[in-house]
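**Student:**
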Amino acid sequence: EDQVTQSPEALRLQEGESSSLNCSYTVSGLRGLFWYRQDPGKGPEFLFTLYSAGEEKEKERLKATLTKKESFLHITAPKPEDSATYLCAVQVSTGNQFYFGTGTSLTVIP
Amino acid sequence: DAGITQSPRHKVTETGTPVTLRCHQTENHRYMYWYRQDPGHGLRLIHYSYGVKDTDKGEVSDGYSVSRSKTEDFLLTLESATSSQTSVYFCAISAGGVSTDTQYFGPGTRLTVL
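Chains as they are written, first to last, in my numbering: chain A, 37 to 146; chain B, 92 to 205.
1) Suppose the cutoff is 8 Å on Cβ atoms and the five residues either side in sequence are ignored; what does the same chain contact list for T108/B look like?
2) For Q39/A, count neighbouring C-beta atoms within 10 Å of its own C-beta (all shown protein chains included) and say buried if the count is 16 or more, exposed if not.
3) Alpha carbon to alpha carbon, what distance is there between K144/B and T130/A?
4) How many angstroms separate the CA atom of G154/B from the CA atom of K93/A?
5) Look at the Cβ atom of T177/B, then the Cβ atom of K102/B, and state whether they are nearer than 8 Å.
6) Pick out the complete beta strand (DSSP E) segments inside the stretch 78-144 of chain A, 3 residues or longer, and give them in chain order.
7) Can you name, in chain order, every residue of its own chain whose Cβ lies under 6 Å from the Cβ of L57/A, other than the five neighbours on each side?
8) According to the neighbour-count rule (16 or more other Cβ atoms, all chains shown, within 10 Å of its Cβ), is L134/B buried or exposed?
9) My understanding is that Y122/B touches S140/B, with C-beta atoms under 8 Å, so please give their C-beta distance in whole angstroms.
10) Between F82/A and chain B, is any beta-carbon pair separated by less than 8 Å?
11) Taking the C-alpha atoms as reference points, what is the distance between T117/B and E163/B?
12) Which residues of chain B have a Cβ atom closer than 7 Å to the Cβ of K104/A, listed in chain order?
13) Kindly indicate if chain B contains any beta-carbon less than 8 Å away from that of G79/A.
14) With DSSP run on the structure shown, which of helix, strand or coil describes S64/A?
15) Any Cβ of chain A within less than 8 Å of the Cβ of T193/B?
Right, here's the structure in full:
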């Protein structure tokens, strides 16, 4: 069964305290792995797509990496405006479905 | 921001009544999706469309139907709303790629079924 698991469920960081969010997946075949940011009351906002193991993408304080079984979203020197829920999703190679994790709620304290 | 709008943005209805949610896009993307988001479950696919009048079921399709008569509009209908369908509903679109694809989401509709 295709499955996506994110950890931790919630994370509180001091401003400037770097950390990583994890997304592990079990799928029959991976076409792509996606990271989204979601603010309260809004739709998910696209951040990154990763296609193959070893790939890395960066945007400002965020860096996403991918291995054969998991992805990490590294947050370097976070700011309070980085507070949000971060969602991971995978697109499987069979069909056109996407599977989402339940997200990590990040709070960055000034 | 991707040109996706959803209407209504909020709706309160009673058990047993029919409800239709609308998703409208201005991107001319081929694929459109309906998801629901509930605490502890994340986003779950209800139905999706891969073209006008072409639709398929997702993992939680029971109690829902969809229609797409134009490229830009994708309707989600709850034939007879139940309290278990209280949720936040998101529409998403994607262009459809050979290798992989990126979904872009609308602002959501909060539905409460009393």
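Glycine included, every Cβ here is placed at the ideal spot set by N, Cα and C.
Being a predicted model, the structure only gives us computed values, none of them experimental.
**Tutor:** Inspection of the coordinates gives the following:
1) S171, A172
2) exposed
3) 22 Å
4) 39 Å
5) no
6) 81-86, 92-95, 98-102, 106-111, 120-128, 134-136
7) L109, Y122, T140
8) buried
9) 7 Å
10) yes
11) 6 Å
12) Residues of chain B passing the Cβ test: none, with the nearest at roughly 16 Å.
13) yes
14) coil
15) yes
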